[in-house]
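Enquirer:
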Amino acid sequence: MAVILDGRVYADMALDAVAEKVAALKKRGITPGLAVILVGDDPASQTYVRSKGKACDRVGIYSRTMIMAGDTTQAELEKQIAQLNRDEKIHGILLQLPLPPHLDEQHALSCISPEKDVDGFHALNAGRLMLSLEGVQPCTPKGILFMLKQAGVPIEGAHAVVVGRSNIVGKPAAMLLLRENATVTLCHSKTPDLKAQTLQADILVAAVGKPRLITADMVKPGAAVIDVGINRVNGRLVGDVDFENVSGVAGYISPVPGGVGLMTVAMLMDNVVSLAETSLA
Ligand code: GUN
202 MAVILDGRVY
212 ADMALDAVAE
222 KVAALKKRGI
232 TPGLAVILVG
242 DDPASQTYVR
252 SKGKACDRVG
262 IYSRTMIMAG
272 DTTQAELEKQ
282 IAQLNRDEKI
292 HGILLQLPLP
302 PHLDEQHALS
312 CISPEKDVDG
322 FHALNAGRLM
332 LSLEGVQPCT
342 PKGILFMLKQ
352 AGVPIEGAHA
362 VVVGRSNIVG
372 KPAAMLLLRE
382 NATVTLCHSK
392 TPDLKAQTLQ
402 ADILVAAVGK
412 PRLITADMVK
422 PGAAVIDVGI
432 NRVNGRLVGD
442 VDFENVSGVA
452 GYISPVPGGV
462 GLMTVAMLMD
472 NVVSLAETSL
482 A
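According to this note's numbering, the stretch in the sequence shown is residues 202 to 482, in order.
(1) May I have the straight-line CA-CA distance separating Thr341 from Tyr453, to the nearest angstrom?
(2) Three-state secondary structure (DSSP) at Met483?
(3) Would you check if there are 3 or more beta carbon pairs closer than 8 Å linking the segment 422–441 to the segment 380–392?
(4) Assess, as a yes-or-no matter, whether the segment 209–218 is touched by the segment 461–472 under the definition of 3 or more beta carbon pairs within less than 8 Å.
(5) Check this for me: beta carbons of Gly293 and Lys317, under 7 Å apart or not?
(6) For Val362 versus Gln398, is the C-beta distance shorter than 7 Å?
(7) Helix, strand or coil: how does DSSP classify Ala361 here?
(8) Leaving aside the five residues before and after Ala256 along the sequence, list all residues of the same chain whose C-beta is less than 6 Å from its C-beta, in chain order.
(9) What residue does the beta strand (DSSP E) around Pro210 start on, and which one ends it?
(10) Given a threshold of 16 other Cβ atoms within 10 Å of its Cβ, counted over all protein chains shown, does Pro233 qualify as buried or as exposed?
(11) With a cut-off of 6 Å, give the chain-ordered residues whose Cβ is closer than this to any heavy atom of ligand 1.
(12) Using beta-carbon positions only, say whether Leu300 and Val240 come within less than 7 Å of one another.
(13) For Thr274, count neighbouring C-beta atoms within 10 Å of its own C-beta (all shown protein chains included) and say buried if the count is 16 or more, exposed if not.
(14) Taking Cβ positions, are Ala477 and Leu235 nearer each other than 7 Å?
(15) Compute the beta-carbon to beta-carbon distance between Gly261 and Ala224, rounded to the nearest angstrom, for a pair I have assumed lies under 8 Å.
(16) Consult DSSP for Asn432 and reduce its assignment to one of helix, strand or coil.
(17) Let me know the secondary structure DSSP gives Ser367 once reduced to three states.
(18) Any chance you could list the alpha helix (DSSP H) runs of at least 4 consecutive residues sitting entirely within the segment 268–313, in chain order?
(19) Please state whether DSSP places Ser264 in a helix, a strand or coil.
Given below as structure tokens:
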């Protein structure tokens, strides 16, 4: 049976460290602040946004949630972002994705000041990641690396296979694993024989959004399997990994719920603090 990578344990660890950093900043007269912009009323996004607010309360970060109507125009959204760019109480700005289809996501993200880009989605920060320069790292990939390191999973020299090439998870996860000296394969929907690739993985990251895509026959015995999928099936949350069967083959496995999702929020808190610290420098 695989070791369960319990997101609560690792997220608590990370959040306790963040709370200490927040306390230190407050002693210097700075309260780190996060603004979250939610456009529309997607229920899943509402849930994520609430959990971000709760995490802020827990660690002592000031938070503000801006809820904008589903028919908000690009200009209205970008005006809101510009206001937050100027707001001295706010160190991090998070634009909850996905946006309603009439809005240009990439353009809106490019309006967030790179110094307040808490997700690391601005082209400048994505470029910094690509070049292995200092900068904010996207929260979910950063959380994956945190979990793997805390669990003692060797990354250097490992073969990491990432399934899914999104800008939010797949691509940045591949870059971070590469930076830690893994050999990285990045797979996607046009990869011809996915199983042949995943069977090579010492570290397997599934970030596609297809329920139970990764089955036990696709996993190398002893591998560390990280499930980033959040899919609703008959009202139940399931990941991209067939947890019941894969946990009999893998060496480590992260559950859904209770795995990577909690890490994402914890790393978001860490990023807010980093941006607040950088703003002092
Ligand atoms: N939607 C799903 N994941 C994320 C994330 O990490 N950041 C933002 N802004 N939106 C998301």
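Glycine included, C-beta positions come from ideal geometry on N, C-alpha and C. Bear in mind that the values here come from a model prediction, so they are computed numbers and not experimental data.
Expert: On the basis of the coordinates in this document:
(1) As a first step, residue 341 is located in the sequence shown; it is residue number 140 there, counting from the start. As a first step, residue 453 is located in the sequence shown; it is residue number 252 there, counting from the start. If you take the alpha carbons of Thr341 and Tyr453, they lie about 18 Å apart.
(2) Since the first residue shown for the chain is 202 and the last is 482, residue 483 is missing from the structure and cannot be characterised.
(3) no
(4) Judged by Cβ distances under 8 Å, the segment 461–472 makes contact with the segment 209–218, as three or more pairs qualify.
(5) Indexing the sequence shown from 1 puts residue 293 at position 92. Indexing the sequence shown from 1 puts residue 317 at position 116. Contact: yes.
(6) Here the question's residue 362 lines up with position 161 in the sequence shown. Here the question's residue 398 lines up with position 197 in the sequence shown. Contact flag set, yes.
(7) Taking the first residue of the sequence shown as 1, we reach residue 361 at position 160. Strand.
(8) Position 55 of the sequence shown, counting from 1, holds the residue named residue 256. Only Val466, Met470 meet the Cβ criterion.
(9) The residue labelled residue 210 in the question sits at position 9 within the sequence shown. Sequence check: residue 210 is Val here, not Pro. Where Val210 is concerned, there is no enclosing beta strand (DSSP E), although the alpha helix (DSSP H) it sits in stretches over 208–228.
(10) Indexing the sequence shown from 1 puts residue 233 at position 32. Buried.
(11) Leu295, Leu296, Gln297, Leu298, Asp320, Cys340, Thr341, Ile369, Thr465
(12) Numbered from its first residue, the sequence shown carries residue 300 at position 99. Numbered from its first residue, the sequence shown carries residue 240 at position 39. For Leu300 and Val240, yes; Cβs fall inside 7 Å.
(13) In the sequence shown, the residue the question calls residue 274 occupies position 73. With fewer than 16 Cβ atoms within 10 Å of its Cβ, Thr274 is classed as exposed.
(14) Position 276 of the sequence shown, counted from the start, is the residue given in the question as residue 477. Position 34 of the sequence shown, counted from the start, is the residue given in the question as residue 235. No, they are not a contact pair.
(15) Residue mapping note: residue 261 aligns to position 60 of the sequence shown, counting from 1. Residue mapping note: residue 224 aligns to position 23 of the sequence shown, counting from 1. Contact between Gly261 and Ala224 holds: CB atoms are separated by about 7 Å, below the 8 Å threshold.
(16) Counting from one through the sequence shown, the residue named residue 432 turns up at place 231. In this structure, Asn432 counts as strand in the three-state DSSP scheme.
(17) Taking the sequence shown and counting its residues from 1, the one referred to as residue 367 is at position 166. DSSP places Ser367 in coil when its eight states are reduced to three.
(18) List check, alpha helix (DSSP H) in window: 275–287, 306–312.
(19) For the purposes of this step, residue 264 is identified with residue 63 of the sequence shown, where counting begins at 1. Three-state DSSP puts Ser264 in a strand.
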